[in-house]
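Working notes, beginning with the structure itself.
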Amino acid sequence: TGRPVVLVAVGFAAFAVLAIGVARVLPVVLRGLGAEPDLFLIVSVASGIAVAGLGAVVFGLPLALSAFVAGLAIAEGAETNEARARLLPFRDLLAVLFFVAIGTLLDPARLVDGLGWLVVLAVLLVVAKVGLSWVLARLANLAARPLQLAVGIGQVGEFTFVLASIGAGTGAIPADLYAAMLGTIVVSIAVSSVVVRVVGSAPAGPHEPLTVPGSVG
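Numbering (the numbering used here), first residue to last: 10 to 226.
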């Protein structure tokens with residue numbers, strides 16, 4: 010965007026203060042709207058959209074990043090948990106739109122040029138994320154199958170897509186690398202969704218309870 014780094018940092022810090030303030034106030038407001046389910050849902054959704062818009066317009070942050078931070082900030086608390094539960098029917102639609110967005114942005118020619126990057130990113134994902142998660146799960150003796158847990162959280166999700174899109178938009182990430190990152194997102198989600206069920210179907214060992222963790226996108 011050409012803005013000075015100091016100005017960007019100040020804007021992000023000010024936006025973080027705003028998001029934290031909304032996170033403190035919103036549960037109180039929603040608690041007072043408990044008897045009005047429609048208004049409860051409208052206020053909760055509108056708050057997130059308004060904070061994201063302020064982050065983009067007032068503080069100069071990329072809209073995708075400000076929306077992500079706004080969602081994180083207002084995601085805690087019993088009241089916001091209730092709002093999230095009411096939004097669950099929209100989850101499948103948003104997941105479809107996410108893949109549609111990736112499909113429209115993915116250039117097959119650029120992906121061919123970036124096949125080398127795709128292999129490198131896939132190897133890094135397996136070693137640095139899946140492998141490390143497996144080791145940490147074993148060391149922590151978590152109540153889950155370490156391999157299943159590692160595969161479940163090993164996929165690349167929306168936040169990487171946001172950061173990659175910002176980098177591509179500013180020219181910091183070349184087109185072939187961006188295409189490879191989009192390809193890695195698709196492959197990791199598709200493969201992990203299948204493999205996590207395969208490794209979960211095996212009988213549990215003495216240190217591997219039958220708890221099946223949910224995957225993290």
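Built from N, CA and C at the ideal position, the CB exists for glycine as well.
Taking contact to mean 3 or more Cβ pairs, one atom from each stretch, closer than 8 Å, check whether the segment 49-60 and the segment 100-109 are in contact. Result no; under three Cβ-Cβ pairs closer than 8 Å.
Can you list, in chain order, the stretches of the alpha helix (DSSP H) that have 4 or more residues and sit fully within the segment 40-121? Qualifying alpha helix (DSSP H) stretches, in chain order: 46-66, 72-82, 87-96 and 100-114.
Provide the residue span of the alpha helix (DSSP H) that contains Ala131, from first to last. Segment Leu124 to Leu133, the alpha helix (DSSP H) holding Ala131.
Give me, in chain order, the residues of the same chain whose beta-carbon lies closer than 7 Å to that of Leu130; leave out the 5 immediate sequence neighbours on both sides. Same-chain partners within the cutoff: Ala189, Met190 and Thr193.
Could you pull out every residue in the same chain whose Cβ sits closer than 8 Å to the Cβ of Leu124, ignoring the five residues on either side in sequence? Excluding residues within five positions, the ones whose Cβ falls inside 8 Å are Ala189.
Which residue wins for smallest C-alpha separation from Ala61, given the options Ala76, Ala159, Leu151 and Leu16? Closest by alpha carbon: Ala76.
Taking the alpha carbon of Ser197 as the reference point, which residue from Val128, Ala18 and Leu16 has its own alpha carbon closest? Comparing Cα-Cα distances from Ser197 to each of Val128, Ala18 and Leu16, the minimum goes to Val128.
Closest Cα partner of Gly163 within the set Pro183, Leu148, Ala137 and Thr179: Of the listed residues, the one whose Cα sits closest to Gly163 is Ala137.
Would DSSP call Arg206 helix, strand or coil? Arg206 falls in the helix class under three-state DSSP.
Where does Ile83 land, buried or exposed, given buried means 16+ other C-beta within 10 angstroms? Burial call: buried.
Ile175 and Pro13: beta carbons closer than 9 Å? Cβ distance not < 9 Å, so Ile175 and Pro13 don't count as in contact.
Should the segment 166-186 be called in touch with the segment 92-100, which here means at least 3 C-beta pairs below 8 Å? Flag = no, the segment 166-186 and the segment 92-100 do not touch.
Please report the distance separating the alpha-carbon of Ala22 from that of Ala92. Separation of Ala22 and Ala92 (C-alpha to C-alpha, rounded to the nearest whole angstrom) is 27 Å.
Can you list, in chain order, the residues of its chain whose CB lies under 8 Å from that of Arg147, leaving out five sequence neighbours each side? These residues qualify, in order along the chain: Pro155.
Around the Cβ of Pro36, are there at least 16 other Cβ atoms within 10 angstroms (buried) or fewer (exposed)? Result: buried.
Can you name, in chain order, every residue of its own chain whose Cβ lies under 6 Å from the Cβ of Ala25, other than the five neighbours on each side? Nothing listed; no residue qualifies.
Among Val31, Leu115, Thr113 and Glu45, which one has its Cα closest to the Cα of Ile58? When C-alpha distances from Ile58 are compared across Val31, Leu115, Thr113 and Glu45, the shortest belongs to Val31.
Got a sec? Which residues, its chain only, sit under 7 Å from Phe168 by beta carbon, not counting five neighbours each side? Around Phe168: Phe77.
Under the three-state reduction of DSSP, which class applies to Gln164: helix, strand or coil? Coil.
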